[in-house]
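Quick note on numbering: the sequence shown equals residues 35 to 381 in the numbering used here.
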Amino acid sequence: MKEMKSLADIDSIQIADDRKLFSATHDEIVNGLTTDVYFLRTLDILNELELADAEVIAEIFPRKPGIFVGLEEVLALLEGKNLEIDAISEGESFVEKDTVIRIKGKYSDFAIFETTILGMLASSSGWATAAREIKEACGDKFFLCFGARHVHPAVAPVMERAAVIGGAGGASCILAALLSGIKPSGTVPHSAMLIAGDTLTISQKYDEIASPDHNRIVLVDTFKDEVEEAIRVAKALDGKLYGIRLDTPSERGGVTAGLVKEMRAKLDLEGFKEVKIFVSGGLYPDKIKLLSEAGADSFGVGSYISAASPIDMTMDIKMVNGKAVAKRGRIPGMVDNPKLKRIRNFK
Numbered sequence: 035m036k037e038m039k040s041l042a043d044i045d046s047i048q049i050a051d052d053r054k055l056f057s058a059t060h061d062e063i064v065n066g067l068t069t070d071v072y073f074l075r076t077l078d079i080l081n082e083l084e085l086a087d088a089e090v091i092a093e094i095f096p097r098k099p100g101i102f103v104g105l106e107e108v109l110a111l112l113e114g115k116n117l118e119i120d121a122i123s124e125g126e127s128f129v130e131k132d133t134v135i136r137i138k139g140k141y142s143d144f145a146i147f148e149t150t151i152l153g154m155l156a157s158s159s160g161w162a163t164a165a166r167e168i169k170e171a172c173g174d175k176f177f178l179c180f181g182a183r184h185v186h187p188a189v190a191p192v193m194e195r196a197a198v199i200g201g202a203g204g205a206s207c208i209l210a211a212l213l214s215g216i217k218p219s220g221t222v223p224h225s226a227m228l229i230a231g232d233t234l235t236i237s238q239k240y241d242e243i244a245s246p247d248h249n250r251i252v253l254v255d256t257f258k259d260e261v262e263e264a265i266r267v268a269k270a271l272d273g274k275l276y277g278i279r280l281d282t283p284s285e286r287g288g289v290t291a292g293l294v295k296e297m298r299a300k301l302d303l304e305g306f307k308e309v310k311i312f313v314s315g316g317l318y319p320d321k322i323k324l325l326s327e328a329g330a331d332s333f334g335v336g337s338y339i340s341a342a343s344p345i346d347m348t349m350d351i352k353m354v355n356g357k358a359v360a361k362r363g364r365i366p367g368m369v370d371n372p373k374l375k376r377i378r379n380f381k
């Protein structure tokens, strides 16, 4: 597979009859197959005018405030190109119209990647921004991102990596955690209890096979009253239960502050003050604050992060062969941002 340079290259693309998934492969992405076709048409026209190799400076800016993530993928995408790149750091905050990346070099060296670059930044920054909102609601309490089930598996690791940069203490998606340099986090789902027919049966076997240093957290809302089940499991595990998880479904009102308060009080009365309360299920910042005040110790967040809207990113050509330019409505020339750092120099 070769990098796309012209509309004519589309004719050489072969889609295998036995292709199993619709998601783009790494090779397809880095060779330009996920670009908008009009960039190839642009190159054809500029090549005819002998302008495709014009030296340009392009700047990327967001349409609203957020947390910047996606730079590492952009740099990998442009690896080997003779480009000078300035950018703000991943995890850095930005406001509307901040310059977050500046690219200098021949237009032909990065023209076809505009679509891909903007998509990488828009999605990852949207997810990281949502994670930062959750982190602010949690304060110094831990939260885990487990939103992989809400997005296409091809981008699940990208999403949860962005969440970790945004503030998540852990990720449940195996690949996302490994790419973030951490161990994947998670305990046991409802399916285990439903198949065994009893929470205690699963809890005891879980305790038996788990490594000594593993934090045993047991889901207690599958069959019985949550408080009753939690105390039953705590007694059976005899000091080895790290925490219980509340994930009461919306059909029963979800996890409430009242339930958390009751759980904390009755665990304490039974002598299980060390047992933590982990809450999940449709959480968002305001609800996390309420549950935290009620006594919840940590949280699992999925859809609030995974369903976060991308933060629209725009790439503008600001200089052409040393001359300041801009489309109508924009100011010609570069827009400085003191957070920009030189990431890559010309070869």
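By construction, the Cβ of each residue, glycine as well, lies at the ideal position given by its N, Cα and C atoms. For clarity, every value in this text was computed on a predicted model and none was experimentally measured.
Can you tell me which of the three DSSP states residue i falls into?
{"i": "residue 242", "result": "helix"}
{"i": "residue 55", "result": "coil"}
{"i": "residue 280", "result": "strand"}
{"i": "residue 202", "result": "coil"}
{"i": "residue 118", "result": "strand"}
{"i": "residue 236", "result": "helix"}
{"i": "residue 269", "result": "helix"}
{"i": "residue 230", "result": "helix"}
{"i": "residue 340", "result": "helix"}
{"i": "residue 362", "result": "coil"}
{"i": "residue 369", "result": "coil"}
{"i": "residue 193", "result": "helix"}
{"i": "residue 380", "result": "coil"}
Where do the N-terminal and C-terminal ends of the alpha helix (DSSP H) with residue i fall, by residue?
{"i": "residue 172", "result": "148 to 172"}
{"i": "residue 211", "result": "208 to 213"}
{"i": "residue 49", "result": "Looking at the DSSP string, residue 49 is not in any alpha helix (DSSP H), and its letter there is neither H nor E."}
{"i": "residue 303", "result": "291 to 303"}
{"i": "residue 333", "result": "Looking at the DSSP string, residue 333 is not in any alpha helix (DSSP H); the run it does join, the beta strand (DSSP E), is 332 to 335."}
{"i": "residue 14", "result": "This structure cannot speak to residue 14, because the chain is shown only from 35 to 381."}
Taking only the alpha-carbon atoms, compute the straight-line gap between residue i and residue j and give it to the nearest angstrom.
{"i": "residue 92", "j": "residue 209", "result": "33 Å"}
{"i": "residue 65", "j": "residue 378", "result": "21 Å"}
{"i": "residue 54", "j": "residue 72", "result": "28 Å"}
{"i": "residue 380", "j": "residue 293", "result": "60 Å"}
{"i": "residue 108", "j": "residue 334", "result": "29 Å"}
{"i": "residue 285", "j": "residue 162", "result": "30 Å"}
{"i": "residue 337", "j": "residue 203", "result": "16 Å"}
{"i": "residue 363", "j": "residue 350", "result": "12 Å"}
{"i": "residue 317", "j": "residue 180", "result": "12 Å"}
{"i": "residue 86", "j": "residue 101", "result": "33 Å"}
{"i": "residue 192", "j": "residue 158", "result": "7 Å"}
Can you tell me where the beta strand (DSSP E) with residue i in it begins and where it stops?
{"i": "residue 178", "result": "176 to 179"}
{"i": "residue 96", "result": "89 to 96"}
{"i": "residue 314", "result": "310 to 314"}
{"i": "residue 322", "result": "Here residue 322 belongs to no beta strand (DSSP E); instead the alpha helix (DSSP H) covers 319 to 328."}
>> Can you confirm whether the region 125 to 132 touches the region 167 to 182 when touching is taken to mean that 3 or more C-beta pairs between the two stretches lie within less than 8 Å?
In response: no
> Does the region 144 to 151 touch the region 76 to 94, meaning 3 or more C-beta pairs lie closer than 8 Å?
Replying inline: yes
> Curious, which full-length alpha helix (DSSP H) runs of at least 4 residues does the region 55 to 79 contain?
Replying inline: 60 to 64
>> Taking contact to mean 3 or more Cβ pairs, one atom from each stretch, closer than 8 Å, check whether the region 296 to 303 and the region 232 to 252 are in contact.
In response: no
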